[in-house]
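Here it is in structure tokens:
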């Protein structure tokens, strides 16, 4: 399910895999959300309603105005205001996640015995990717920016740029070891180069556990949003369920 309130930004480091709100706060949504200048737009391919728009307490579902009583209108206005306030906090955690992931990758590279030129080029490329990701996080206003092909393409571009650089250096180390007669080391280095991405993932996940308290600090705000929407119904008479929070 898609994460509400731009929390899918946390999944930006999932090739690098930070804890996300679905896991930590047990929060999920069937909607994508876009923060427009004067309203919030929730959309999904199915089921109806496909589009839900909140604008200063006013509610529309699939383009039709939903008449709310005064209490529900007030709650929707607070929901919109608090979700907008949550978005920059989520962006901060996501940017911190990128920094932590970059630090972790640098530390992993340091332990590979890379040549000086490879290490310098790796750090340059990694720094550029991290800066670009943080910029994209800062300007993003929609979870659509991080769904499906867009997220996969972003992660693949980074992996395709960084991992071959490391693998090539390890491969050269293997050649050097073989030429020196150390066939066991050569074989080990070749295996390490071939399985680099798989081997890195669990170690990066472990390093990124330091981000968990920052994610946990967002949970009360997520729970508050879930509580605010309770009892509010859309044009079809069914609960809005913009956000689900489990146990």
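Numbering (mature numbering (1 follows the signal peptide of the UniProt record, and there is no 0)), first residue to last: -18 to -1, 1 to 229. Where is the CB? At the ideal position from N, CA and C, for every residue including glycine. Predicted model, so just to flag it, every value in this text is computed and none were measured.
Quick check on residue 231: buried or exposed, where buried means 16 or more other Cβ atoms within 10 Å of its Cβ? No answer is possible for residue 231: it lies beyond the span of the chain, which begins at -18 and ends at 229.
By Cβ distance below 7 Å, which residues in the same chain neighbour residue 159 in space, the five residues on each side in sequence not counted? 167, 168 and 171
Is residue 232 near residue 24, with beta carbons less than 8 Å apart? Nothing can be reported for residue 232, as the shown portion of the chain is limited to -18 through 229.
When DSSP builds the beta bridges, which residues end up paired with residue 16? 23 and 124
For residue 162 and residue 5, the rounded distance between their alpha carbons: 49 Å
Residue 40 versus residue 196 - alpha carbon distance: 32 Å
With distance defined between alpha-carbon atoms, name the residue in 214, 66, 118 and 188 nearest to residue 22. 66
Please classify residue 224 as buried or exposed, where buried requires at least 16 other C-beta atoms within 10 Å of its C-beta. buried
Taking the alpha carbon of residue 46 as the point to measure from, which residue in 228, 226 and 216 has its own alpha carbon closest? 216
Tell me, please, which residues DSSP counts as bridged to residue 33. 25
Where does residue 152 sit, in a helix, a strand or coil, going by DSSP? helix
For residue 166, which three-state DSSP category applies? helix
For a test of the three-state rule: what should DSSP assign to residue -1, helix, strand or coil? Low confidence applies here, because residue -1 scores a pLDDT of 35, under 50, leaving its location unreliable and the question unanswered by this model.
As an exercise, report each continuous beta strand (DSSP E) stretch of at least 3 residues that is fully enclosed by the stretch 45 to 100, in chain order. 46 to 48
Does DSSP classify residue 294 as helix, strand or coil? For residue 294 there is no data in the structure shown, the boundaries of the chain being -18 and 229.
Could you work out which residue in 14, 31, 108 and 72 is closest to residue 7 when comparing CA atoms only? 72
Just curious, the beta strand (DSSP E) that residue 41 is in, first and last residue? 40 to 43
Could you check which residue in 114, 119, 30 and 83 has the C-alpha nearest to that of residue 70? 119
What residue range is occupied by the uninterrupted alpha helix (DSSP H) comprising residue 211? 201 to 211
Given a cut-off of 8 Å, decide if residue 107 and residue 81 are closer than it, judged by their beta-carbon atoms. no
Hey, residue 43 and residue 124: beta-carbon distance below 8 Å or not? no
State the beta-bridge partners of residue 240 as determined by DSSP. The chain is shown only over -18 to 229; residue 240 falls outside these bounds and no answer can be derived.
Nonlocal neighbours in the same chain, by C-beta distance under 6 Å from residue 214, ignoring five residues either side: 54 and 222
Looking at C-alpha atoms only, which residue of 103, 20 and 13 is the closest neighbour of residue 30? 13
Tell me the residue span of the alpha helix (DSSP H) that contains residue 196. 194 to 198
State the Cα-Cα distance for the pair residue 165 and residue 95, rounded to the nearest angstrom. 18 Å
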